[in-house]
Each structure stands twice: as C-alpha cells, then as structure tokens.
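Numbering (this note's numbering), first residue to last: 152 to 838.
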C-alpha cells in the first residue's frame, strides 16, 4: 500500500494506534482501594477510541463498575487548560482528556478532580450515581479559578487547590474560599512541583494535607534564578513566543522551600540546609509528622528527614550515599501508622526495602518500587534473575517472623495497588497484548475489565541475551517469514537511556515494532549501551538478516542514540530516524544530566564526548531528524543546531519540524503519519 493511500485508510495499524493512543484508551488506571476494602476507584474511558476519561467505582465483593464523574454529563470543556495543568500533563506524558487525575479523602468517599479549569466533585456513595449505562457525573465545585490540582483533605471537609501561583482552600461545598499562600513576586508559585521534580524525580505534587485536615505542607518555588528560554513557533509568527524557565545542566535551579500552613493563615517555615541539599525529591505525610527525601546537587547523597510540623525543625532519620548517584525509588519514603519509616537501602548489588535502616525485603530480590501498603504488609514490584519480568512480592513489616512471598508468577510484567485487605494485580504477559486486572479481597476474587483495543496484528517477540554484557534483546520478524526467504534489512529500535526498559515480557509493548517488522524489517529491540552484541549463538538462532542494510530509529534518548549511531558508526548503521534527540547535553536539565555527567564546568570533556554537534562533518548515511517545535523538554534547538552544523559541513540530511507539537507527538494525524513517513524514509535509505 502506498503512503498516500494508507493515510486515508482508517483500519491501518498507524491509524488505529494513533486513534487509540497506542491502544491505551479504555485501560483502567489510577486504581485506589477505598477504606474498609469496600471497593475500588479507577479511571477509564468508555471505549477503546474514546479519549474522554471518566472516574469509576467498583463496589466489593460483587458490584459492577459505575461512573461517578463524567465531564460530558457536566457539559465541561477540557480543551482550555491553565498553564500549570498543561505543564503537569506534559510532564506526565498525558495524552487523554476528561478526568486524567483525581484525589480523594482518606476513606475514598469524596472524589475531586479538575476538568479544564473547573473543579468537580462526587460523593462516591450518593444515590445519584448510576450504573455504567447512565452516568450522572458528579457536580461542579464553585471555586475561584482557574483551578489546578484540587485535593480534598483526608477528613473530607475541605478542598485545596492552586489558583495561578497561589494556594487556596475552601470548605468542600465551595464556601469560604480564601488564599492561603501567595507571593508578591510573579516568579514565585506555591503548591506546584518545579520542572525537574516533575520531569525527573517523580514528584508531581507541590502540597500535602495533614492527616487531620487542619494544616498543609506546601512548596514555595522561586523561579527567578532559572534561565528564561523562548519557544517560538515559526509557523505562527503573529503569536508571541512561549517563555519557559529551563534549568539547563550547570545552570541555576529553582529555589524550593517548604512551609507548614495553618488554615487560619499562619505559616511555619521548614528548616533544612537547602544550600547543601537543594533537591526536594519526595514528601510523605501519613501519621503525625511529614517525611522528606532531599538530595545534594551531585545526587551522591540523600537524606530522609523528619519534620516537626509545630516548629518546622527537621531531624535526620537516615542517609544514603553512593559513589555515582543515589537512585530514587518510586513510592518511597512512607511512614507507617506506628511512626516507623519505610525507605530503600543498598545491599550489595541489590536495592531492598527497609524500615529505619533495617532491610526487610526478600534477600536476593531487587526492589523496583513500592506498589502499596496494606496494614502491616508492603506490596513491592521486584526484579529477580530475569530483568525482563516484574513480579510482585508481599513483604511483612510487623516483625512477626513471616517471610516475604511472591504473589504473582515469576514471569510477566505486573503492577497494582493494595490496601484494606484488598490486593489489585495488573498483569501483562509476553504471549499477547492483553492486560488483566485481578482483585483479591476477603470475599473472594473479581476482575476489572480493560476496554482497550487489541492491536490488529500478531505480535511475536523472541527474547534473547546477547554479547558479553548479556543485553536483553527482542527480535521481531514479519509474520510467515521463514529461513531462506531472503535477507531482511535490520531496524534497531532501542531507547538506550536510563530508567526505560523496552525489552519486557509484555507483548503489547512491541506493537509498533511488529508493525515495522511487517513492513519488511527484522526489528531488534535492545536494552543496554551501544549496538547489540553479536555472538555465535545469535548467528545460529537467526539467519537471513542483511548486515549491509542496518537502520536505527528512536525518540528522545533513543533519538540521541540513533543520531549518534549513524554519525559515529556508519560502517554498522546505514540510516537513522532521530526523533526529539538531545544533541548538546549542556542544554538538557540539571537533575537528569548532572546525575550521569557531572556539572559541565567541572567535566567539560564528558559533555564534549557525548554531544553530537561536533560529529556533523562525519555524516555519510541518510539521517531524518524529527522534532516538535513546542517541545519544552528536549527543545527544538537540539535538532535545529545539529541541522545547522550538518549544513555548514555540507552534509545532506532531512528535517521534519512538527508545528505545535510537544515532546509527546500524540495528535492523531501526527502520530499516524509519522509511522508511514518513517517507514518510507527507511525503505528508500536501505534500498
């Protein structure tokens, strides 16, 4: 099928993938157990092509899902978002609409969300919530707006939210709204996470309620030290450029501090040495006092701090050090009801769960993240001998002598949540693209249905371990391809950077790779540094690949890797598609870049060695550069400066600028047609 004909065919894989947001619409997410194990709350759209996300409740033990918040029933438009909410969604790579995040009281009886710039709420057990066929959708909250990140207090009596750069609070019915924290400077905001916290640390929040609902802990973010960057759209010269504060490597970060805010307007600053420990990596407020995780700028030390909310003083509870960097663990730290702190420690080559410095996780099993706390047990995502799998383990925390045990199969990729005697397991397996959600509760077992579409092709990844480093690798071939059918060109599709695994025992993650295979490629997905190792076992297992026609494609760090590969190893790589590549690491953010390269003023040689601009004269293979001009994460200057260097060196290349597109490139027409354009480029380049 020609590109022109394919673009107008709704049933092609690229069209379906784009329309379903890569087959994620209809997948239940943000699952939460209600107090007493009475039921679950979760987000899900009404169908596989419906981009509007709704909030659902499932009553246990034998209820059916019912909608409790529906933007369409409230006739709200979520296309006009406050700037802070647009930024939050970009950091979260959120591609859906409707209710994309929600917050509840401690019992899970009151749910609050923002739709566009308006707050909405639902009382989950109100009789006006009806079965899935006729949702009524909650009600509006009359709060001064625009509203960002509304959150009810744990007792369900009040709600807080960010309006502009200020933190506000009101009664849950919207009465008595008042500004709780604000600053005269337009460079200061309250209650929001700064860029590097949301993009790199996993901290997406900027305020936290006390368990009794009488105080809040709020972040004050001063952006004045951070450099101002201007993101203009050449396709719309009549529009003023967007200005962003971007903390590039070696440059100043935002100054972040905390204060305990009383509802009557009192404010108590939280005291820690922010000069020595400038990164506020994580915050937890369960129990009587908050817990903080702070890091040094070089990220080689991290401290767990107790906060006294009465006077703002802090006490060091634990400290982690590493000669390279201290890895942050999602879900941690957490305080237990008895006051003990759950956190991570390093134990030899493994990372383990610990309580106040004492390891409690299973020996020989690595900790990926904390999934949930259920009474005196923790549910963790783990790594065993096979890093392509993610089993879940339950770890007793009560010291009663019970041993940790695995609650899922060793194979497959698992996630979930737990609490109040209920365990939710989200499972994927290599054999297919299906996702299952199993719920175990005191009354038995049930499941939550995914409404996501199934990719319209048979996904058949073959996993292998390659080279001296035993790199995890997946090979995908065209359906029906047999030895002797003729050599296939090779297409590498790695990510290659930290924190992202592409080779997993989850078949659905390889859907796009399988589509490229069906276009006539042997697609190789590799986790690890550099090009894949090639050994005798690999050659014996896979015959019929053409090493004279090897291409590579990638996005973000994968785009950097693709461009680097074709520039520096043209004898191996014969073409590359580099989407949103970092080409000069001095222009990427502090927390990520300095973790691996140090500061550029102290280690300029490292930055020079990793940058691509100086390699421009070496290009001798076809290279397609793709970049969204509205990208505020890897800004378009990376691609444009590389293109300028290639032009100055007289090197032919192609550039595809995406007007109005951010780092996600998720708009339906853009996402669908990019796949066709990449395919056509690679076919021509390897012909």
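Ideal Cβ positions, reconstructed from N, Cα and C, are used throughout, including at glycine.
In whole angstroms, what separates the C-alpha of residue i from that of residue j?
i, j, result
"residue 539", "residue 614", "9 Å"
"residue 167", "residue 819", "9 Å"
"residue 330", "residue 765", "52 Å"
"residue 651", "residue 327", "45 Å"
"residue 675", "residue 828", "20 Å"
"residue 664", "residue 376", "43 Å"
"residue 626", "residue 699", "18 Å"
"residue 133", "residue 761", "This structure cannot settle anything about residue 133, because the visible part of the chain is limited to 152 through 838."
"residue 534", "residue 837", "39 Å"
"residue 648", "residue 586", "26 Å"
"residue 709", "residue 743", "15 Å"
"residue 437", "residue 181", "19 Å"
"residue 574", "residue 432", "28 Å"
"residue 274", "residue 522", "26 Å"
"residue 690", "residue 620", "Reliability of the predicted coordinates at residue 690 is poor, the pLDDT of 35 falling under 50, and no value is obtained from them."
"residue 361", "residue 447", "27 Å"
"residue 745", "residue 791", "23 Å"
"residue 286", "residue 222", "Low per-residue confidence applies at residue 286: pLDDT is 46, beneath 50, and the placement is therefore not dependable, though the value from the model is reported in the following sentence. Answer to the nearest angstrom: the Cα atoms are 10 Å apart."
"residue 173", "residue 461", "48 Å"
Can you name, in chain order, every residue of its own chain whose Cβ lies under 8 Å from the Cβ of residue i, other than the five neighbours on each side?
i, result
"residue 284", "Reliability fails at residue 284, whose pLDDT of 45 lies under 50, so the model's placement of it is uncertain and the value that follows must be treated cautiously. Around residue 284: no qualifying Cβ."
"residue 232", "240, 267 and 268"
"residue 865", "Outside the modelled stretch of the chain, which goes from 152 to 838, sits residue 865, for which no answer is possible."
"residue 178", "195, 586, 601, 602 and 603"
Between residue i and the rest of its own chain, which residues show a CB-CB distance below 6 Å, the 5 nearest in sequence each way excluded?
i, result
"residue 811", "781"
"residue 589", "576 and 598"
"residue 325", "292, 293 and 294"
"residue 502", "495, 517 and 518"
"residue 350", "242"
"residue 387", "none"
"residue 740", "347 and 398"
"residue 297", "233 and 268"
"residue 583", "658"
"residue 738", "399"
"residue 558", "543 and 545"
"residue 408", "371"
"residue 813", "241, 779, 781 and 782"
"residue 353", "481"
Among the options, whose alpha-carbon lies nearest the alpha-carbon of residue i?
i, options, result
"residue 251", "716, 385, 207 and 260", "207"
"residue 226", "185, 269, 302 and 189", "269"
"residue 532", "749, 569, 403 and 476", "569"
"residue 507", "548, 369 and 741", "548"
"residue 337", "802, 317 and 824", "317"
"residue 670", "639, 237 and 749", "639"
"residue 775", "791, 832 and 759", "832"
"residue 487", "435, 500, 537 and 536", "435"
"residue 729", "175, 458, 722 and 713", "713"
"residue 445", "459, 462, 469 and 460", "469"
"residue 366", "333, 353 and 416", "416"
"residue 798", "779, 771 and 815", "771"
"residue 312", "605, 551, 256 and 358", "358"
"residue 611", "595, 256, 594 and 630", "630"
"residue 201", "707, 171 and 190", "171"
"residue 731", "716, 788 and 702", "788"
Check whether the Cβ atoms of residue i and residue j sit closer than 7 Å, and answer yes or no.
i, j, result
"residue 578", "residue 565", "yes"
"residue 119", "residue 704", "Beyond the ends of the chain as shown, which are 152 and 838, falls residue 119; an answer cannot be given."
"residue 406", "residue 449", "no"
"residue 642", "residue 667", "yes"
"residue 355", "residue 422", "no"
"residue 249", "residue 299", "no"
"residue 412", "residue 344", "no"
"residue 364", "residue 304", "yes"
"residue 440", "residue 457", "yes"
"residue 258", "residue 186", "yes"
"residue 254", "residue 302", "yes"
Measure the beta-carbon distance from residue i to residue j and round it to whole angstroms, keeping in mind my assumption that it falls under 8 Å.
i, j, result
"residue 199", "residue 657", "Rounded, the Cβ-Cβ distance is 18 Å, inconsistent with contact."
"residue 265", "residue 236", "7 Å"
"residue 453", "residue 477", "4 Å"
"residue 823", "residue 247", "With a Cβ gap of about 17 Å, residue 823 and residue 247 do not count as contacting."
"residue 571", "residue 184", "5 Å"
"residue 654", "residue 609", "Their Cβ separation, rounded to whole angstroms, is 19 Å, which puts residue 654 and residue 609 out of contact at 8 Å."
Using C-beta distances below 7 Å, list every residue in its chain close to residue i, excluding the 5 sequence neighbours before and after it, in chain order.
i, result
"residue 511", "504, 505, 546 and 548"
"residue 382", "392, 393, 395, 781, 783 and 786"
"residue 529", "493, 504, 521, 546 and 548"
"residue 428", "445, 446, 447 and 454"
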